Amino acid sequence: MTMALVAEGIHKDFGGVRALRGVSLSLTEGEIVGLIGPNGSGKSTLLNVISGVEKPTAGTVTLDGRRIDGKPSHRIVGWGVAKTHQIPKPFPGMTSGENVTVAALFGSLRRTDLRQASEEATRVLRLVGLEAKAGTLASNLTVQDRKRLELARVIATGARILLLDEVFAGLSAGELREAIELFARIQKELRVGALVVEHVMRAVLTLSHRVVVIEEGRKIAEGTPQEVVRDPAVIEAYLGTEAARAAA
Amino acid sequence: MNFLRFLRPPTIADLRSILKIGPTAWGIAICLLVAAAGAPFVATYPLTILIYLLVFAALAYSMNFITGLTGYVSFGHVVFMGLGAYGWGTVVGTLHWSPLGSVVIGGAVGLLLALGLGIVTLRFRGVYFAIASLVTALAAVNIVLATPALGGGQGIILNLGFEPLSWFYAVWVILAIEVGMTYWVTHGRIGYGLRAIKGDEDAAKTLGIDVTRLKLFVFSLSGLFAGAVGAVNAWTVSGVFPEAAFALLFSLLMLAMVIVGGSGTLLGPLVGAVVVYIPHTYFLTVASGAEFIVIGGLVTFIALVIPEGIVGSLRRYVPILQGILE
Amino acid sequence: MPDATAIVDQLVFGVVYGLLLGCVFALVAHGLNLIWGIAKVVNIAHGEFIMLGAYGAFFLNLGLGFNPLLSAAIDGVIGLGVGLAFYFGILHRELRGKEAMTPRSEMVTLVATFGLSLLIANAAKVAWKGDVVGIPWSAGSVSLGSLQIPTGGVYVAILSVVIIFLTHVFFTRTHLGLAIRAYGQDIPAAQLQGINPTFVSAVGTSLGFAVTMAGGAFLTVLFPTGINPYMGALYAPISYIIVVLGGPGKMWGSLVGGLTLGVILHVGQVFLEPSIAYAVAFLTLIPVLVFRPEGILR
Numbered sequence: 000m001t002m003a004l005v006a007e008g009i010h011k012d013f014g015g016v017r018a019l020r021g022v023s024l025s026l027t028e029g030e031i032v033g034l035i036g037p038n039g040s041g042k043s044t045l046l047n048v049i050s051g052v053e054k055p056t057a058g059t060v061t062l063d064g065r066r067i068d069g070k071p072s073h074r075i076v077g078w079g080v081a082k083t084h085q086i087p088k089p090f091p092g093m094t095s096g097e098n099v100t101v102a103a104l105f106g107s108l109r110r111t112d113l114r115q116a117s118e119e120a121t122r123v124l125r126l127v128g129l130e131a132k133a134g135t136l137a138s139n140l141t142v143q144d145r146k147r148l149e150l151a152r153v154i155a156t157g158a159r160i161l162l163l164d165e166v167f168a169g170l171s172a173g174e175l176r177e178a179i180e181l182f183a184r185i186q187k188e189l190r191v192g193a194l195v196v197e198h199v200m201r202a203v204l205t206l207s208h209r210v211v212v213i214e215e216g217r218k219i220a221e222g223t224p225q226e227v228v229r230d231p232a233v234i235e236a237y238l239g240t241e242a243a244r245a246a247a
Numbered sequence: 000m001n002f003l004r005f006l007r008p009p010t011i012a013d014l015r016s017i018l019k020i021g022p023t024a025w026g027i028a029i030c031l032l033v034a035a036a037g038a039p040f041v042a043t044y045p046l047t048i049l050i051y052l053l054v055f056a057a058l059a060y061s062m063n064f065i066t067g068l069t070g071y072v073s074f075g076h077v078v079f080m081g082l083g084a085y086g087w088g089t090v091v092g093t094l095h096w097s098p099l100g101s102v103v104i105g106g107a108v109g110l111l112l113a114l115g116l117g118i119v120t121l122r123f124r125g126v127y128f129a130i131a132s133l134v135t136a137l138a139a140v141n142i143v144l145a146t147p148a149l150g151g152g153q154g155i156i157l158n159l160g161f162e163p164l165s166w167f168y169a170v171w172v173i174l175a176i177e178v179g180m181t182y183w184v185t186h187g188r189i190g191y192g193l194r195a196i197k198g199d200e201d202a203a204k205t206l207g208i209d210v211t212r213l214k215l216f217v218f219s220l221s222g223l224f225a226g227a228v229g230a231v232n233a234w235t236v237s238g239v240f241p242e243a244a245f246a247l248l249f250s251l252l253m254l255a256m257v258i259v260g261g262s263g264t265l266l267g268p269l270v271g272a273v274v275v276y277i278p279h280t281y282f283l284t285v286a287s288g289a290e291f292i293v294i295g296g297l298v299t300f301i302a303l304v305i306p307e308g309i310v311g312s313l314r315r316y317v318p319i320l321q322g323i324l325e
Numbered sequence: 000m001p002d003a004t005a006i007v008d009q010l011v012f013g014v015v016y017g018l019l020l021g022c023v024f025a026l027v028a029h030g031l032n033l034i035w036g037i038a039k040v041v042n043i044a045h046g047e048f049i050m051l052g053a054y055g056a057f058f059l060n061l062g063l064g065f066n067p068l069l070s071a072a073i074d075g076v077i078g079l080g081v082g083l084a085f086y087f088g089i090l091h092r093e094l095r096g097k098e099a100m101t102p103r104s105e106m107v108t109l110v111a112t113f114g115l116s117l118l119i120a121n122a123a124k125v126a127w128k129g130d131v132v133g134i135p136w137s138a139g140s141v142s143l144g145s146l147q148i149p150t151g152g153v154y155v156a157i158l159s160v161v162i163i164f165l166t167h168v169f170f171t172r173t174h175l176g177l178a179i180r181a182y183g184q185d186i187p188a189a190q191l192q193g194i195n196p197t198f199v200s201a202v203g204t205s206l207g208f209a210v211t212m213a214g215g216a217f218l219t220v221l222f223p224t225g226i227n228p229y230m231g232a233l234y235a236p237i238s239y240i241i242v243v244l245g246g247p248g249k250m251w252g253s254l255v256g257g258l259t260l261g262v263i264l265h266v267g268q269v270f271l272e273p274s275i276a277y278a279v280a281f282l283t284l285i286p287v288l289v290f291r292p293e294g295i296l297r
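Chains as they are written, first to last, in numbering that gives the first Met the number 0: chain A, 0 to 247; chain B, 0 to 325; chain C, 0 to 297.
In structure tokens form, the structure reads like this:
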């Protein structure tokens, strides 16, 4: 049975700031949904609400019909949804292998056998191309490797739906190409669902089955990458009214 | 944490894990066994020195469970010792239970107190937890001093015999259990979870770790052992006296031992206990207070220069020892 | 009815004395507050520096006959130097080149200052013996209705508030003060404005220690017979509680927290035994941390 995540009417206020004003979206296992929008539009906030880091002011998030909004993040991970951090947060005193082992032990698969968990960790590290650095202390990894480690960790939790927060940011052209290929390969092999928050257009447009556009806390467009890119509301949000008129 | 799985008959896998027990653990086990076997033959005075060394070590291991493994600095840890001692003193004095058996009561008091305190204070971040724990310890002293049922300022005076061997074995058992539990915790799944919490608590939550439950678990363990040791300590002086039982001194010593020895390691608390015990005993007769100049200086130096403590730093800077020392 | 008036009298005295005490506690906590707010460091040895300030007043009185008010000023100047030494000895290594205080650095300074507190308190004990000493100085007392209030207490309370006010002026109206506050809020942003982080945090720390030591001297006026090497163990927790009550880094927080604690302590002692009053006052920290961790002040 494929896992389905549905967020409905999500509002989130921070004091006086209304970060999300009634956003709804859904995604299923196996689908890659891109989430784009100008800076400050609320994309990361939405990820935080879905993953349990924040509680929505209003609205619901359900996973296969079960309400998960407002639940503690560790339980949401247990149910199969895991999020990466925009700025990687590795466990500094542990090696890459150990970092991923933690995820394998405490993720949704709740392994109790250390040896099995380490083996799973090695498998996942190989999948993301970090197996050579398995013994390196996480604090000694490059930024690009730390991002891969973030990805490895959420994969190792056994999550069926990944929430990726700007994993493609700050990469050179060559690194970006590699990362896109890597992610496409991983997704094909694992058949997970992913909600990908991104600014790097090439990554989003290449990888996504569907794209959702958010501006100032509201959804302004949704469709295939091709449709969304031509949507006048989207062009206006990014480039202003002049450009939208020019494109029409 | 499913404890029922320990009730099944041993398998080949268990034997294999016994063979994997490292040299450090064997080393500690051998030292403990030698001490246990030799105790009856040691003269009284050296025996009491040994007893208090074991007390120090037991306190260090208790502190290691919370501060060493999670990084949460507990300044008020002495409150578990003190109330454990009071629990013990009350059942021995009023109900006339056996002093040896009642050590378990001391442990139980420590456990329950840690559970209760932990539920409230473990949700606070590092620094605030430290202050909250300090404040609780001070409040506890004051409350006890004002409670006549607990003997008020006088405490509980008992007339128990001089039984150094019983004291020795009581604290030995506590220490042995602690070392065993430290080994089990650091080598299992829980150990990974704790290291993750110590590394980055927020990230740990996002990977499925029930941070609150884990912290509460180790905090309760540390309270349990501190309470039991507090009871034995009171037994050695045949009474429970408020200033002595709740002396902030103990908290400071426990913290110093863990930091000096190496937080979170198996050998660290033992090394820390020895290193702290030597100046403590030496200066006790010469110039009380002076030992803390040495200990304080050592702690400051280690915190700034080699924060992993003696054992942790040896592992880091002497690669050959990485496989041996833990 | 004599009983009622006696209780009212005691209450009034409790409140008044609590406020006076609270002002001085506030000053003593203010130093901690400054360092906590600027360098984001909690100094576990805070109590020991209070103790040093008190002993400073004691020795200056013993040797040169200075009264504690004058000694406080001298202590303040010494505190500047001590603060600099503390900064370059401990804080600089952790803060240098960093954008913010990491949790690891927080723990390192927590532990390092813990070691320092052991060292200083016991070095004092060995050097000056553990006897409790006092300063034989009194400015008489003033009458408030039927109550006698020590004039010295009034002086130091007023001076404490003045000093806190002066620091407030410094931090809101001078260039340097604003620079220090900017550093306290966002280190990289402050650097981009041309603020030298080392200079600014060193100055902030020195100020904090100056205030702390002066506060220690003031305390001897209210507690003329309570000077001993371990007095830090009493005043440090009081300071932590005050800072948390008022809100770490909030300028007026020290005063709000101090007055609150002072009044709770003294009014508490009207109805409860001193030990319990202290216990209750200490335990107020917990509900504050649970329900309002940023402090009473919004």
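Ideal Cβ positions, reconstructed from N, Cα and C, are used throughout, including at glycine. Note that the structure is a prediction, hence the values are computed from the model and not measured.
Taking Cβ to Cβ, would you say residue i is nearer than 9 Å to residue j?
i        : j        : result
B/Gly226 : B/Leu121 : no
C/Pro292 : B/Tyr71  : no
B/Ser101 : B/Ala230 : yes
C/Val287 : C/Val243 : yes
B/Ala138 : C/Val279 : yes
A/Leu161 : A/Thr100 : no
C/Ile43  : C/Phe113 : yes
A/Leu34  : A/Leu46  : yes
Using a 10 Å radius around the Cβ and a threshold of 16 neighbouring Cβ atoms, would you call residue i buried or exposed?
i        : result
A/Leu4   : buried
B/Asn1   : With a pLDDT of 49 at B/Asn1, under the threshold of 50, the modelled position of that residue is not reliable, and the figure given next carries that caveat. Result: exposed.
C/Ser137 : exposed
C/Val15  : buried
C/Gln147 : exposed
A/Thr111 : exposed
B/Cys30  : exposed
A/Val225 : In the sequence as presented, Val is not what sits at residue 225 of chain A; that position holds Gln. A/Gln225 is exposed by the Cβ-count criterion.
B/Trp183 : exposed
C/Pro247 : buried
A/Gly15  : exposed
C/Ser145 : exposed
B/Tyr44  : exposed
Using a cut-off of 8 Å between C-beta atoms, extract the partners of residue i located in chain B.
i        : result
C/Tyr239 : Ile130, Leu133, Val134
C/Ala122 : Ile292
A/Gly192 : Those within 8 Å of A/Gly192 in chain B number zero; the least Cβ separation is about 18 Å.
C/Ile275 : Asn141, Ile142, Ala145
C/Glu105 : Gly125, Val126
Along chain B, in chain order, which residues have C-beta atoms closer than 7 Å to that of residue i?
i        : result
A/Phe105 : Gly192, Leu206, Gly207, Ile208
C/Ala278 : Ala138, Asn141, Ile142
For residue i, list the residues DSSP reports as bridge partners.
i        : result
A/Arg217 : A/Glu214
A/Ala32  : Residue identity differs from the one stated: residue 32 of chain A is Val in this sequence, not Ala. For A/Val32, which the question treats as bridged, DSSP gives the partners A/Leu194, A/Arg209.
A/Gly222 : A/Val210
C/Gln147 : C/Ser142
List the residues of chain A that residue i touches, going by C-beta distances under 9 Å, in chain order.
i        : result
B/Arg122 : Within 9 Å Cβ-Cβ: nothing; B/Arg122 doesn't reach chain A, min ~12 Å.
Since residue i meets chain A, which of its residues come closer than 7 Å, beta carbon to beta carbon?
i        : result
B/Arg188 : Leu104, Thr111, Leu113
### Task
Compile a chain-ordered list of the residues in the region 194-206 of chain B whose CB is closer than 8 Å to at least one CB of chain A.
Arg194, Ala195, Lys197, Gly198, Asp199, Asp201, Ala202, Ala203, Lys204, Thr205, Leu206
#### Entry: Contact set between the region 30-58 of chain B and chain C, restricted to residues whose Cβ is under 9 Å from the partner
none
### Query
Listed from N- to C-terminal order along the chain, which residues in the region 65-94 of chain C have their beta-carbon within a distance smaller than 8 Å of any beta-carbon of chain B?
Ile89, Arg92
### Task
Scan the region 216-241 of chain B for residues whose Cβ lies nearer than 7 Å to a Cβ of chain C and list them as they occur along the chain.
Residues passing the 7 Å Cβ filter: none.
### Message
Give me the subset of the region 48-70 of chain A whose CB atoms are less than 9 Å from a CB atom of chain B, sorted by chain position.
### Response
Residues passing the 9 Å Cβ filter: Ser50, Gly51, Val52.
### Message
Output needed in chain order: residues of the region 84-115 of chain B with a Cβ under 8 Å from some Cβ in chain A.
### Response
none
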